[in-house]
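In case it helps, this note's numbering puts the sequence shown at residues 3 to 581. We put the CB at the ideal spot given by N, CA and C, even for glycine. If you're wondering where the values come from, they're calculated on a predicted model, not measured in any experiment.
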Amino acid sequence: MDRSDDVIRLDSSDEQGEVVSLHGLDIALPKVPKKSDILFHDLPKRMQMWKRTDVPQELSRVRSMDEWFEKPAEFRRAFSPFIEQEFERRRNGVWFYNNGVPTYITGRHYMFLQWSKIDIGYPSYLAFQREIFLHMAACEADSRCIGQLYTKCRRSGYTNICASVLVDEATQVKDKLLGIQSKTGKDSQENIFMKKVIPMFRSYPFFFKPIQDGTTNPRMELAFREPSKRITKKNKTSQKGDALNTIINWKNTTNNAYDGEKLHMLYLDEAGKWEKPVDIREAWRIERTCLIVGKKVVGKAMVGSTVNPMDKGGEEYKNLWEDSDPTERNANGRTRSGLYRIFIPADHALEGFFDQYGNPVVDDPDTPVKGIDGEDIDQGSKTYLKNERDSLKHDPSELNEIIRQFPLTEDEAFRDSIEGSIFNIGKIYQQIDWNSNMYPNPVVTGNFIWKVKDKEVVFSPDPKGRFHVSWMPPKDRRNVIHEERGKKVAPFPQYGCGGVDSYDLDETVDGRGSKGALHLYNKFNMDDKTPSNMFVLEYASRPDLASIFYEDVLMASVFYGYPLLIENNKYGIVRHFEK
């Protein structure tokens with residue numbers, strides 16, 4: 003991986019293509035090849051869309067490597083280029099024209115679309131799933147990352163995606179263990195292993211199938227090792243030592259299911275629904291050690307889920323989510339969990355709202371759009387979801403559930419159940435939604451920086467900043483410094499004040515620790531330039547060094563000129579101010 007400017011490269015060659023930003027990651031795609039090397043270049047623009055590559059009919063009749071080697075040399079020479087082409091696409095991915103746009107899909111995505119048969123046939127190309135695969139490829143390429151964490155809406159196809167990746171990887175690597183866990187052992191075995199993994203492997207062409215031990219329809223594990231008795235009728239070409247000795251298995255839902263084992267890949271399904279006594283954060287704390295040897299990441303995880311109410315596994319999953327922000331890393335360059343998170347709004351991933359090119363129809367089209375299923379789409383997914391929500395306004399509990407299952411924002415995904423609350427949580431959520439839809443947005447995110455050390459502070463907008471500001475004082479009241487008896491004092495206590503919840507330790511034993519917090523509040527006043535009775539600044543972050551937090555608080559207080567009340571048992575910030 004090339005870390006120059008922290009860009010994750012998917013291509014090991016010297017030529018870098020477009021850099022795309024996905025959910026806190028900057029990902030460099032391979033360079034666009036020449037036109038003749040892009041699939042469907044010879045078709046009119048309107049006909050350029052994803053389509054599986056047809057398998058030569060004669061080759062499709064070959065069921066095993068034994069049959070292949072029994073074929074005449076002329077037959078093998080004729081079809082070897084097709085097989086080599088498929089291995090190359092699996093390894094490097096594919097470019098195809100999609101309605102005139104050169105579009106790159108990873109090798110994993112290609113194997114999903116071309117060779118991974120699901121319950122309705124082969125998958126269709128969907129733009130939001132391309133995002134998932136690109137993000138997943140970045141997680142695999144980044145040596146600092148242990149895996150992907152995807153908070154999803156219902157029926158996003160993530161289980162099929164992960165099952166496909168497990169089969170793709172297991173049929174390529176030697177001496178590895180790939181694992182599966184879900185919210186129950188039954189789900190792991192029946193819904194993922196037996197209904198997804200096994201059928202996908204069985205649908206693979208012979209040239210992607212390694213030697214297999216056991217039955218053709220296993221219930222506990224899919225083992226690519228030397229069998230004591232071959233499951234094929236003939237054994238003319240396979241010699242001992244050819245087997246990969248790789249296994250895909252599943253485990254019951256316990257915190258320490260894979261404790262002590264070395265995992266090459268792990269899929270944790272419905273991680274936001276693991277209920278006590280199982281704890282997804284505790285399970286991940288144990289199982290991440292199965293993917294790391296020393297400081298080296300030796301395996302990757304795929305973790306995904308919709309989110310249960312907070313008291314049914316949602317709170318633990320939310321904590322894992324908060325620990326997986328790639329914009330917040332420790333000194334080793336990793337997130338606290340080691341995972342990189344991704345969220346895609348439901349209106350970009352809703353079934354029935356994809357045009358024939360796999361792009362989401364989010365807004366209402368001016369004229370009907372032909373869908374991927376051949377039916378016309380005359381309404382956008384955003385309007386559809388709004389109508390569904392509007393119809394449930396009389397039933398706050400059901401409305402809240404629908405919003406959580408089909409979230410448009412991260413906050414909606416982590417909504418709690420409104421059952422049993424003494425407050426009208428539904429109304430509170432409605433108010434939050436109304437506030438979030440205000441235009442223009444009254445809150446700006448950014449950082450304060452010194453323009454002149456200890457004298458003048460300026461605010462620099464930054465979407466990744468630590469401060470959230472809704473109001474700033476007039477320019478003539480910024481950076482005003484008063485002195486009384488030789489000491490600097492806050493010049494404007496009549497306008498506002500602030501409270502600080504500090505910390506003294508740079509790092510805690512578990513690497514977490516509470517965040518440092520600062521809030522500034524405007525008091526009631528008669529000044530027409532200063533709004534009354536409102537919070538004007540919020541800060542809730544934990545920089546790697548406590549001194550950074552102290553300096554942030556100092557700059558904000560200098561900028562606003564408000565006095566601060568600091569928790570009296572934290573002396574570090576007081577000493578910092580005194581300096």
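*asked:* Do Lys372 and Asp378 have their beta-carbon atoms positioned less than 9 Å apart in this structure?
replied: As a working note, residue 378 is residue 376 in the sequence shown. As a working note, residue 372 is residue 370 in the sequence shown. Against a cut-off of 9 Å, the Cβ pair of Lys372 and Asp378 comes out as a contact.
*So, using beta-carbon positions, are Thr447 and Thr308 closer together than 9 Å?*
Counting from 1 along the sequence shown, the entry for residue 447 is found at position 445. Counting from 1 along the sequence shown, the entry for residue 308 is found at position 306. No. Outside cutoff.
*Can you tell which of Gly296, Ile40 and Asn258 has the C-alpha that lies nearest to the C-alpha of Val103?*
As a first step, residue 103 is located in the sequence shown; it is residue number 101 there, counting from the start. Measuring from the Cα of Val103, the nearest candidate turns out to be Ile40.
*So Thr105 is in the beta strand (DSSP E); what residue range does that whole segment cover?*
The residue you call residue 105 lines up with position 103 of the sequence shown. Counting along the chain, the beta strand (DSSP E) containing Thr105 begins and ends at Val103 to Ile107.
*Assign Phe114 to one of three DSSP states: helix, strand, or coil.*
As a working note, residue 114 is residue 112 in the sequence shown. Helix, per DSSP.
*Which listed residue (Lys278, Thr256, Lys275 and Ile249) has its alpha carbon closest to that of Lys264*: Against the sequence shown, residue 264 aligns to sequence position 262. Looking at the Cα atoms, Ile249 is the closest of the given residues.
*So which of Leu24, Asp56, Asp554 and Ile107 has the shortest CA-CA distance to Pro32?*
In the sequence shown, counting from the first residue as 1, residue 32 sits at position 30. Pro32 has its Cα closest to that of Ile107, out of Leu24, Asp56, Asp554 and Ile107.
*Member of Tyr523, Phe551 and Val576 whose CA lies at the smallest distance from the CA of Gly563*: Residue mapping note: residue 563 aligns to position 561 of the sequence shown, counting from 1. Nearest C-alpha to Gly563: Tyr523.
_Cα-Cα separation between Asp144 and Arg92, rounded to whole angstroms_ = What you label residue 144 is simply residue 142 of the sequence shown in a count that begins at 1. What you label residue 92 is simply residue 90 of the sequence shown in a count that begins at 1. Here the C-alpha atom of Asp144 lies approximately 19 Å from the C-alpha atom of Arg92.
*asked:* Assess contact between the stretch 320-330 and the stretch 80-98, defined as three or more Cβ pairs (one per stretch) separated by less than 8 Å. Is contact present?
replied: Per the Cβ contact rule, the stretch 320-330 is not in contact with the stretch 80-98 (fewer than 3 Cβ pairs under 8 Å).
*Report yes if the CB atom of Ser190 is closer than 9 Å to the CB atom of Ile200, and no otherwise.*
One-based indexing of the sequence shown puts residue 190 at position 188. One-based indexing of the sequence shown puts residue 200 at position 198. No, Cβ-Cβ distance for Ser190 and Ile200 is not below 9 Å.
*Roughly how far, in whole angstroms, is the beta-carbon of Ala245 from the beta-carbon of Pro212, given that I think they are within contact range, below 8 Å?*
Here residue 245 corresponds to residue number 243 of the sequence shown, with the count starting at 1. Here residue 212 corresponds to residue number 210 of the sequence shown, with the count starting at 1. A Cβ-Cβ distance of about 7 Å is found for the pair Ala245 and Pro212, placing them in contact under the 8 Å criterion.
*How long is the line joining the alpha carbons of Thr239 and Phe84, rounded to whole angstroms?*
Reading the sequence shown from its first residue, position 237 is the one you call residue 239. Reading the sequence shown from its first residue, position 82 is the one you call residue 84. Confidence is the limiting factor: at Thr239 the pLDDT is only 48, short of 50, which leaves the residue's position unreliable and the question unanswerable from this model.
*Determine the closest residue to Gln150 out of Val175, Ile344, Asp281 and Glu17, with distance taken between C-alpha atoms.*
Numbered from its first residue, the sequence shown carries residue 150 at position 148. Nearest option by C-alpha distance: Ile344.
*asked:* If I follow the unbroken beta strand (DSSP E) through Asn251, where does it start and stop?
replied: Here the question's residue 251 lines up with position 249 in the sequence shown. Asn251 -> beta strand (DSSP E) spans Thr248 to Trp252.
_Same chain, Cβ closer than 7 Å to Asp170, five either side skipped, listed in chain order_ = Here residue 170 is taken as the residue at index 168 of the sequence shown, counted from 1. Around Asp170: Arg110 and Met113.
*Name the DSSP beta bridge partners of Glu458, please?*
If you number the sequence shown from 1, residue 458 lands on position 456. DSSP lists Val454 as partners of Glu458.
_CA nearest to the CA of Leu12, picked from Tyr269, Lys53, Ala140 and Lys185_ = Residue 12 sits at position 10 when you count from the first residue of the sequence shown. The shortest C-alpha to C-alpha distance from Leu12 to any of Tyr269, Lys53, Ala140 and Lys185 is the one to Ala140.
*When you compare only the Cα positions, how much space is there between Ser66 and Lys176?*
Within the sequence shown, numbered from 1, the residue matching residue 66 stands at position 64. Within the sequence shown, numbered from 1, the residue matching residue 176 stands at position 174. Between Ser66 and Lys176, the C-alpha separation is close to 20 Å.
*Consult DSSP for Gly274 and reduce its assignment to one of helix, strand or coil.*
Along the sequence shown, read from residue 1 onward, the residue named residue 274 stands at position 272. Three-state result, Gly274: helix.
*In whole angstroms, what is the alpha-carbon distance linking Trp70 and Ala351?*
For the purposes of this step, residue 70 is taken as residue 68 along the sequence shown, with counting starting at 1. For the purposes of this step, residue 351 is taken as residue 349 along the sequence shown, with counting starting at 1. So the two alpha carbons sit approximately 41 Å from each other.
_CB of Phe450 within 9 Å of CB of Phe579, strictly_ = Taking the sequence shown and counting its residues from 1, one reaches residue 450 at position 448. Taking the sequence shown and counting its residues from 1, one reaches residue 579 at position 577. Contact: no.
*Can you say whether Tyr124 is buried or exposed, counting buried as having 16 or more other CB atoms within 10 angstroms of its CB?*
Residue mapping note: residue 124 aligns to position 122 of the sequence shown, counting from 1. Exposed is the call here.
*Identify which residue in Asn162, Val280, Lys320 and Gly262 has its Cα closest to the Cα of Asn254.*
Position 252 of the sequence shown, counted from the start, is the residue given in the question as residue 254. The option with the nearest alpha carbon to Asn254 is Val280.
*Which same chain residues, not among the five before or five after Gln536, have their C-beta less than 6 Å away from its C-beta?*
Start at 1 with the first residue of the sequence shown, and residue 536 comes out as number 534. Checking the sequence, you will find Met at residue 536 rather than Gln. Once the five neighbours on either side are set aside, the close Cβ partners of Met536 are Asn524.
_Whole-angstrom C-beta distance between Pro565 and Pro495, which should lie under 8 Å_ = Residue mapping note: residue 495 aligns to position 493 of the sequence shown, counting from 1. Residue mapping note: residue 565 aligns to position 563 of the sequence shown, counting from 1. Sure, about 5 Å apart at Cβ, within 8 Å.
_Neighbour-count burial assignment, Asp325, 16 or more Cβ in a 10 Å radius_ = Start at 1 with the first residue of the sequence shown, and residue 325 comes out as number 323. Label assigned to Asp325: buried.
*Closer than 6 Å by C-beta to Leu567: which residues in its own chain qualify, once you throw out the five before and the five after it? Chain order, please.*
Sequence index remark: in the sequence shown, residue 567 carries index 565 (1-based). Here the set comprises Gly501.
*Beta-carbon contacts of Gln241 that lie in its chain and below 8 Å, excluding the five residues immediately before and after*: Residue 241 sits at position 239 when you count from the first residue of the sequence shown. Below a pLDDT of 50, predicted positions are generally treated as unreliable, and Gln241, at 49, falls in that range; the measurement from the model is reported next regardless. Around Gln241: no qualifying Cβ.
*To the nearest angstrom, report how far apart Leu24 and Phe81 are at their CA atoms.*
Within the sequence shown, numbered from 1, the residue matching residue 24 stands at position 22. Within the sequence shown, numbered from 1, the residue matching residue 81 stands at position 79. Cα to Cα, the separation comes out at about 39 Å.
*asked:* Output needed for Arg480: all residues of its chain with C-beta closer than 7 Å, excluding positions within five of it in sequence on either side, in chain order.
replied: One-based indexing of the sequence shown puts residue 480 at position 478. Closer than 7 Å at Cβ, skipping near neighbours: Phe561.
*How many Å lie between Asp392 and Gln381 at the Cα?*
Taking the sequence shown and counting its residues from 1, one reaches residue 392 at position 390. Taking the sequence shown and counting its residues from 1, one reaches residue 381 at position 379. Approximately 16 Å, taken between the alpha carbons.
*What did DSSP end up calling Trp97 once you bin it into helix, strand or coil?*
Along the sequence shown, one-based indexing puts residue 97 at 95. Strand at Trp97.
_Alpha-carbon to alpha-carbon, Tyr541 and Gly518_ = Here residue 518 is taken as the residue at index 516 of the sequence shown, counted from 1. Here residue 541 is taken as the residue at index 539 of the sequence shown, counted from 1. For Gly518 and Tyr541, the distance between alpha carbons rounds to 8 Å.
*Per DSSP, what kind of secondary structure is Pro398 in: helix, strand or coil?*
Counting from 1 along the sequence shown, the entry for residue 398 is found at position 396. Note: Pro398 maps to helix in three-state DSSP.
*Have a look at Trp276 and Glu20 and give me their C-alpha separation to the nearest angstrom.*
Your numbering for residue 276 matches position 274 in the sequence shown. Your numbering for residue 20 matches position 18 in the sequence shown. Distance between the alpha carbons of Trp276 and Glu20 is about 39 Å.
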